[in-house]
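A quick write-up on the structure given underneath.
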Amino acid sequence: MSLRGSVGFILVLLAAAVGCGDPGVSPLPPEPPVRDAGVLDAGASDDAGVVDAGASDDAGVVDAGASDDAGTSEDAGVLDAGSADDAGTSEDAGVVDGGMLAEVPSPPEAVVAVSGDSAARVFWTAAQDHGSPLTGYIVTASPGGASETVAPDVLEVQVAGLTNGTEYTFTVVAVNAVGPSTPSQPSEPVTPAGRPSAPAGVVATAEVRGATLTWTAPEANGSPVTRYAVDVQPAVEGATVDMTGEQAHVTGLANGTPYTFTVRAWNAVGEGPASATSNAITTPDVPGVPLDVSFQAEDGAAAVSWSAPASDGGHALTGYTVTLQPGDVTRTLPAAQTQTRFTDLANGAAYTLHVVALNAVGTGPEATGTVTPARPPAAPTDVVAVAGMGQLTLTWTAPASTGGSPVTAYRVTPHAAGVPGTAVTVGPDTVTTLTGLPRGTTFTVTVAALNAVGTSADSEPSAAVTTHDVPGAPQTPLATALGNGRVRVDWTPPASNGGIPLTRYVVRAGPSGRTATVAAGVTSATVLGLGGGMHHAFTVQASNALGDGPLSEACDANTPCGLGLGAGPRLSDQASSVVIADFNEDGLPDVGYTDAFGVGVLLGDGAGGLARHHIFTTVPNGREAQVADFNQDGHADLVFLYTASGSAQATVVFGDGTGRFTAKRDLASGTTTGSLVVTDLEGDGKQDLVMADWGSRMLRLFHGDGRGDFAPRHDVPFPDDIRSVAAGDFNGDGLADLFLTHNNFNATVLLADATGGFQTGQTFHTGLYPSAAKSVDLNGDGKLDLAYANTGASSFAVALGDGTGQFGAFADIPVANTPTSLTFVDMDGDDHLDAVVNHDTLNLALLRGDGAGGFNGRQDFVVSSSGRVVVGDLDSDGSQDLLMAGNPIHFLKGDGRGGVRTRMEVATPAIPTWAATGDLNGDGKLDLAVAASNQRVNVSLGEGNGRFGALRTLVTPSNASAVVIVDLDGNGWPDLVTANPSGTPAPTLNGNVSVWMGDGAGGFGPRREFATGLAPNALLAEDFTGDGKVDLVTANSSDHTVSLLTGDGTGGFAARQDSRVTEVPIALASTDVDGDGRRDLVVVGYTGYVETVRNNGTGIFTRKQSVSIGSRPRSIALADFNGDGRMDAAVADSTGNTVTVLSIAPTWGLSTLTTRPTASTPYGLVAADFDRDGKPDLVVVYNPANLGSDYMFSVFPGTGTDTLGPVVRYTTRGSVVAVTSADLDADGRPDLITSQGTHKSVGVFMNFCL
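Residue numbers for the sequence shown follow this note's numbering, beginning at 1441 and rising by one.
The structure is reproduced here in structure tokens:
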């Protein structure tokens, strides 16, 4: 290989290593000598003194130490010219085998350095080994002494860790086994350098169509920065950059455009990285449009004002120009001036003004407006004021001249006593009304006209007028509750009638909205129909011809609560049919009824109360009563059916609007009329009658004349026995069609025709004995549907109509028993009709309608009548109530949730003798224990609503006469005690009490007995000994004693202590008669005496005083009936049929306060404040001997005096042998529990307010 060729190869590599061609690269080193393969050459090939062993395979070669030579490269200083067994060993230092000495190598030559970034690349030529193979080279930088060591066959090295910008030289030392050579000649100096870093802190400043940039110079990295470059984002074609040092001026940018910039630096090494992006700038623009420009027309002038534009375009405003057209008048204004005015203009001519803002960039967009110079109008004329109630109605004439600008408004100013009031600006019309003026004040009025320029002078004032007023508020109102839903309100007239006479007063009641209106001269009114047991507020308002005055201050009253117990009170003893209508036209529903004497009216008070008012004698026991206005006098009339001795008739009685009937009209209807419908057959607005005579198979039609009379009867034959009939327009032709149920299994639709006849429509196969036909819209589609009751089965049926006279198939809806009547009404307020079905077993079913013709959610209620049901809101609570004809009329209050208030019953296996309540399972709801005649106590857990669960039974040793629930051991769990007249074993009359300890969960432990006197018939459980523990006292009728069993606080009792009392003690009550803190007794003897008995505190009772009370008193109830703070005793006499109230004196005396007659055989008493008026009431129950008697109980309201109020009677299922009260639903009202002997049940009568 030639030397030049070798050098050329190195140059190529060097260029690759250091990046030849880049700016700032050091010049290449001079061409170094090259070591040929296999030759150790100390000089040129023709130099003298060459030690050359020849080719690598020549014998006697001086070998540089191949790895298989006997003289290896590791031999210290040995030049091995022979084999491994030469006499010159590898341990001979400095000896050349065969006698030659080795030396350190020659220094390397031609050292060349090439600079890099913090580094340099060093090259050299090989050193001569001088008899000992080279072991390596050491390259050293100066200054700093950085060095690198390489293998002997490597002739270049990269020295790193140098400082850019510092000048360095490099020397190379060759090393063999003898040692290092002397350093080579230093290389030419080189300076390491890198590309510059990124410029920092680039700041851009916006200029018109350009920007100025500044930045901080980057690190040069050993080579001075030679230039910078600026990048614009977004790129701008044609932009130029003028650069000076660390600053540049960019031109050619677009105005109003956001820009950012980056800067890059170059040095001799190359291009550095881009800087961080500069702050964003937006180049300046022309200013925006002036704002809030207002153009004002003046008399021969125009003014314009404005505010600075929202944007100055990035340069300060230099001014504004305003141009007026026509005329081409332009004004240039300084930036601080934002208004100007042009004069000498023509009024009525339109001018256009143009306003623009200026800055250094140029002229912004213009704001433009048109103005027409004008002067204010002339004054209006002919102002006329008309006084009203606190207001003036004004008219005037428009001004003669508008001043060149249309009148846009008028300013109206009232003046009172010469002082101007608040001016009111109104529209351009020449009429207005000033309101809110003081009433009774004299005013004049002036009017000024306004146009766009200004306001005219005021007109001449109007003539003086004085405002009128409504009356003032009535004064000192006072409300007084009268009972029966009535409150009387009294007041005094208002201080001012407003200057004109009063016309009326209106009394309003809240929250019911009831009103009463009286004439102006009356200062008292009675408001009717108020709900009972409610707080009502009343206001009074006076009126005159101008209107209603302000309301008075409110006064209030609490209406007494009508008492509901299980159901409403008995309304009459017997009624064969009932209707609801406003017969006396007081706005409140009344009840009309038929009975054995004729037709009667019960006037409603709107609070559920109904008072007998009038009987109109007609035929007895009318049926199917209905209400209509037959003579079109606006008063409610009544029609009913009557059948006797093979003939039937309809009787119409005519009302006079006062709750009375004054005349009647009898209409013969055949032999056996069974159904009656009131309808308008011809659509002439007059009420007609349709009757079904099932015995003659005939429809009897009576066409009314609208005056109370009827055309001669028109008969329509029918081929079957008709059971019931309903009417309605089934096909929308305006004529009344008919729906009939007939024979045993059929129903037929008859469609009316234009001739007054009927065409047979659909016929349906029905259930057994269909009756109670109805036509009503059950699914709310505006089309009548059909329904009937299956009296031969436990169901009713419904078919939906399509409005064309066609009906779908009947759907059967089951009920519990045989239905006797069917009614549809919205009972739960959901706007869907519900079904009310009465049964022949004294049960009522209510089924909730779904609004689509279906019914579900049946509720069954115990009632006392199977008569036809009618509907109305009798107590003004917004919920529908029910009335049923029967013996008596049965009133059921609707609860607004789809049910009614009626009694509930708990069946017992045998005749109940006594009932007690208590919370046996700790759930906060009262439970029931009933002693029965089959030697059982039946326990039922309460649901908190008057209903009870399944019975659980405890066995008594004999038929218990009384039962109490009481906590005997103080553990909070009620226990059970019964009095057993026959004791154990029955039927001996030894007498005892049975005790069951409660477990707090409704269960009981084993029964224990404790002996009493003979035949205990009454039982008390109280602390008679004053030790805080419950004791028992029994009244023993066979040995004329009372027994005290002293409790031990664990459920056990000491042996009895007997005390003699009146003969045959049958009832007991306790109270502290003498105020000594001990419970004394009041004992009722069946022989006719009531006796006070003192508790001595020793376990003995001492007889004090007695009084005769009749022949067979049965029960006793204590309460403070007369409000004197002491207990009184009410005693029922079962044979004398009376109840007597006795005052009990602290000195033990008994005196009669009042005696009241009762129904037959009063058997039980209970006293409580049932009507929540703060006075105890008395309930009397009856046990008549005759089966089938009129079963009831009576309530004597307390008056807080020595007398009792008028009796109110309620119906029971059977005779009652005992009664107690408890608040079963925790509503604060005591409820009633009766032991109904003949019916073998306990009656539950929930207390509610009517």
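Ideal Cβ positions, reconstructed from N, Cα and C, are used throughout, including at glycine.
ask   = Exposed or buried, which one is glutamate 2345 when buried takes at least 16 other CB atoms within 10 Å?
value = Taking the first residue of the sequence shown as 1, we reach residue 2345 at position 905. Buried, since its Cβ has 16 or more Cβ neighbours within 10 Å.
query = Among residues of its own chain, excluding the 5 on either side of valine 1665, which ones have a beta-carbon nearer than 6 angstroms to its beta-carbon?
reply = Within the sequence shown, numbered from 1, the residue matching residue 1665 stands at position 225. So the qualifying residues of the chain are Pro1636, Ala1705, Asn1707.
ask   = Going by DSSP, which residues form a beta bridge with valine 1885?
value = Stepping through the sequence shown from its first residue, residue 1885 is reached at position 445. Answer by DSSP bridge pairing, in chain order: Pro1854.
Aspartate 1988: CB within 8 angstroms of a non-hydrogen atom of the ligand ZN = Within the structure as shown, the ligand ZN is missing, as the structure has no ligands at all.
ask   = Leaving out the 5 sequence neighbours to the left and right, which residues in its chain are closer than 6 angstroms to arginine 1853 when beta-carbon positions are compared?
value = Start at 1 with the first residue of the sequence shown, and residue 1853 comes out as number 413. It is worth fixing the name first, because residue 1853 is threonine in this sequence and not arginine. So the qualifying residues of the chain are Pro1860, Ala1863, Thr1886.
ask   = Given a threshold of 16 other Cβ atoms within 10 Å of its Cβ, counted over all protein chains shown, does alanine 1521 qualify as buried or as exposed?
value = Stepping through the sequence shown from its first residue, residue 1521 is reached at position 81. A caution first: alanine 1521 carries a pLDDT of 38, below 50, which makes its placement in the model unreliable, though a value can still be read off. When all chains shown are included, alanine 1521 counts as buried.
inquiry  = Considering only the alpha carbon of each residue, which of Gln1568, Val1544, Ala1567 lies closest to valine 1618?
reply    = Counting from one through the sequence shown, the residue named residue 1618 turns up at place 178. Ranking the options by Cα distance to valine 1618, first place goes to Val1544.
query = What distance in whole Å lies between the Cβ atoms of valine 1927 and threonine 1999, which are believed to be in contact at a cut-off of 8 angstroms?
reply = As a first step, residue 1999 is located in the sequence shown; it is residue number 559 there, counting from the start. As a first step, residue 1927 is located in the sequence shown; it is residue number 487 there, counting from the start. Confirmed, Cβ separation roughly 6 angstroms.
task = Determine the direct distance from the alpha carbon of threonine 2598 to that of phenylalanine 2101, and round the result to whole angstroms.
result = The residue labelled residue 2101 in the question sits at position 661 within the sequence shown. The residue labelled residue 2598 in the question sits at position 1158 within the sequence shown. Distance between the alpha carbons of phenylalanine 2101 and threonine 2598: 33 angstroms.
inquiry  = On the DSSP bridge list, what partners appear for phenylalanine 2236?
reply    = In the sequence shown, counting from the first residue as 1, residue 2236 sits at position 796. Answer is Ala2229, Ile2253.
key: Opening and closing residue of the beta strand (DSSP E) in which arginine 2147 lies   = In the sequence shown, residue 2147 corresponds to position 707, counting from 1. Element bounds for arginine 2147: n/a, residue is neither H nor E.
query = Any idea if histidine 2725 is buried or exposed, counting beta-carbon neighbours within 10 angstroms, 16 or more meaning buried?
reply = For the chain, the structure presents residues 1441 to 2690; residue 2725 sits outside this window and is missing.
query = Looking only at C-alpha atoms, which of Arg1649, Thr1792, Val1769 sits nearest to histidine 1755?
reply = Stepping through the sequence shown from its first residue, residue 1755 is reached at position 315. Among Arg1649, Thr1792, Val1769, the Cα nearest to that of histidine 1755 belongs to Arg1649.
task = Decide yes or no for the touch test of the stretch 1798-1807 against the stretch 1718-1725: beta carbon pairs closer than 8 angstroms, at least 3 of them.
result = yes
task = Report the three-state DSSP secondary structure of phenylalanine 2561 (helix, strand or coil).
result = Indexing the sequence shown from 1 puts residue 2561 at position 1121. Three-state result, phenylalanine 2561: coil.
query = For arginine 1704, which of helix, strand or coil comes out of DSSP?
reply = Indexing the sequence shown from 1 puts residue 1704 at position 264. Of the three classes helix, strand and coil, the one that applies to arginine 1704 here is strand, per DSSP.
query = Does DSSP put proline 2670 in a helix, a strand or coil?
reply = As a first step, residue 2670 must be located in the sequence shown, where it is residue number 1230. Coil.
inquiry  = I'd like to know if the stretch 1752-1772 and the stretch 1840-1850 are in contact, where contact means that at least 3 CB-CB pairs between them fall below 8 angstroms.
reply    = no
message = Can you give me the C-alpha to C-alpha distance between proline 2254 and threonine 2527, rounded to a whole angstrom?
response = Translated into the one-based positions of the sequence shown, residue 2254 becomes position 814. Translated into the one-based positions of the sequence shown, residue 2527 becomes position 1087. The straight-line gap from Cα to Cα measures roughly 55 angstroms.
request  = Leaving out five residues on either side along the sequence, give the residues of the same chain with a beta carbon under 8 angstroms from the beta carbon of glycine 2207.
outcome  = By one-based count along the sequence shown, residue 2207 stands at place 767. Phe2185, Asn2230, Gly2232, Ala2233, Ser2235, Ala2237, Asp2252.
query = Given that a residue counts as buried once 16 or more other Cβ atoms are within 10 Å of its Cβ, and exposed if not, what is threonine 1656?
reply = The residue labelled residue 1656 in the question sits at position 216 within the sequence shown. Looking at its Cβ environment, which holds fewer than 16 other Cβ atoms inside 10 Å, threonine 1656 is exposed.
request  = Between the Cα of asparagine 2476 and those of Asp2274, Val1690, Leu2508, spot the shortest distance and give me the residue it belongs to.
outcome  = Sequence index remark: in the sequence shown, residue 2476 carries index 1036 (1-based). Residue Leu2508 is the option with its Cα nearest to asparagine 2476.
ask   = Under a three-way DSSP split, which group does glutamate 1993 fall into?
value = What you label residue 1993 is simply residue 553 of the sequence shown in a count that begins at 1. Note: glutamate 1993 maps to coil in three-state DSSP.
task = Could you pull the start and end residues of the beta strand (DSSP E) that isoleucine 2506 belongs to?
result = Reading the sequence shown from its first residue, position 1066 is the one you call residue 2506. Note, isoleucine 2506: beta strand (DSSP E), 2505-2511.
ask   = Mind checking isoleucine 2405: buried by the 16 CB within 10 Å criterion, or exposed?
value = Numbered from 1 along the sequence shown, position 965 holds the residue referred to as residue 2405. Buried: at least 16 other Cβ atoms inside 10 Å.
ask   = Which partner residues of asparagine 1937 appear in the DSSP bridge assignment?
value = On the sequence shown, position 497 is the one that residue 1937 refers to. Answer by DSSP bridge pairing: none, since asparagine 1937 is not bridged.
inquiry  = Could you check whether alanine 1888 and arginine 1851 sit closer than 9 angstroms to each other, using their CB atoms as the reference points?
reply    = Working through the sequence shown from its first residue, we reach residue 1851 at position 411. Working through the sequence shown from its first residue, we reach residue 1888 at position 448. Cβ distance < 9 angstroms, so arginine 1851 and alanine 1888 count as in contact.
message = Buried or exposed for serine 2591, going by 16 or more other Cβ atoms inside 10 Å?
response = In the sequence shown, the residue the question calls residue 2591 occupies position 1151. When all chains shown are included, serine 2591 counts as exposed.
ask   = So, is histidine 1975 buried or exposed, given that buried needs 16 or more other C-beta atoms within 10 angstroms?
value = To locate residue 1975, count along the sequence shown from 1; it is residue 535. Classification for histidine 1975: exposed.
Alpha carbon of glycine 1641 to alpha carbon of isoleucine 1721, nearest angstrom = By one-based count along the sequence shown, residue 1641 stands at place 201. By one-based count along the sequence shown, residue 1721 stands at place 281. Going by the C-alpha atoms only, they are around 15 angstroms apart.
ask   = methionine 2632 and arginine 2341: beta carbons closer than 9 angstroms?
value = Within the sequence shown, the letter at position 1192 stands for residue 2632. Within the sequence shown, the letter at position 901 stands for residue 2341. Cβ atoms of methionine 2632 and arginine 2341: not closer than 9 angstroms.
query = Of the choices Glu1993, Leu2368, Thr2091, Leu2121, whose alpha-carbon is the least far from that of glycine 1950?
reply = If you number the sequence shown from 1, residue 1950 lands on position 510. That would be Glu1993, whose Cα lies nearest to the Cα of glycine 1950.
Per DSSP, the bridge partner or partners of tyrosine 2033 = Here residue 2033 refers to the residue found at position 593 when the sequence shown is read from its first residue. Looking at the DSSP assignment, tyrosine 2033 forms a beta bridge with Val2018, Gly2040.
request  = Report back the beta-carbon spacing between glycine 1925 and glycine 2049 to the nearest angstrom; my notes put them in contact at under 8 angstroms.
outcome  = Position 485 of the sequence shown, counted from the start, is the residue given in the question as residue 1925. Position 609 of the sequence shown, counted from the start, is the residue given in the question as residue 2049. Between glycine 2049 and glycine 1925 the Cβ distance is about 6 angstroms, and since that is below 8 angstroms, they are a contact.
query = Taking only runs of the beta strand (DSSP E) that begin and end inside the stretch 2575-2642, which ones reach a length of at least 3 residues, in chain order?
reply = Runs found: 2578-2584, 2590-2597, 2602-2608, 2617-2622, 2632-2636.
ask   = With burial defined as no fewer than 16 other Cβ atoms inside 10 Å of the residue's Cβ, what is the status of proline 1463: buried or exposed?
value = Within the sequence shown, residue 1463 is the residue found at index 23, counting from 1. Confidence is the limiting factor: at proline 1463 the pLDDT is only 35, short of 50, which leaves the residue's position unreliable, though a coordinate-based value still follows. The residue is exposed, with fewer than 16 neighbouring Cβ atoms inside 10 Å.
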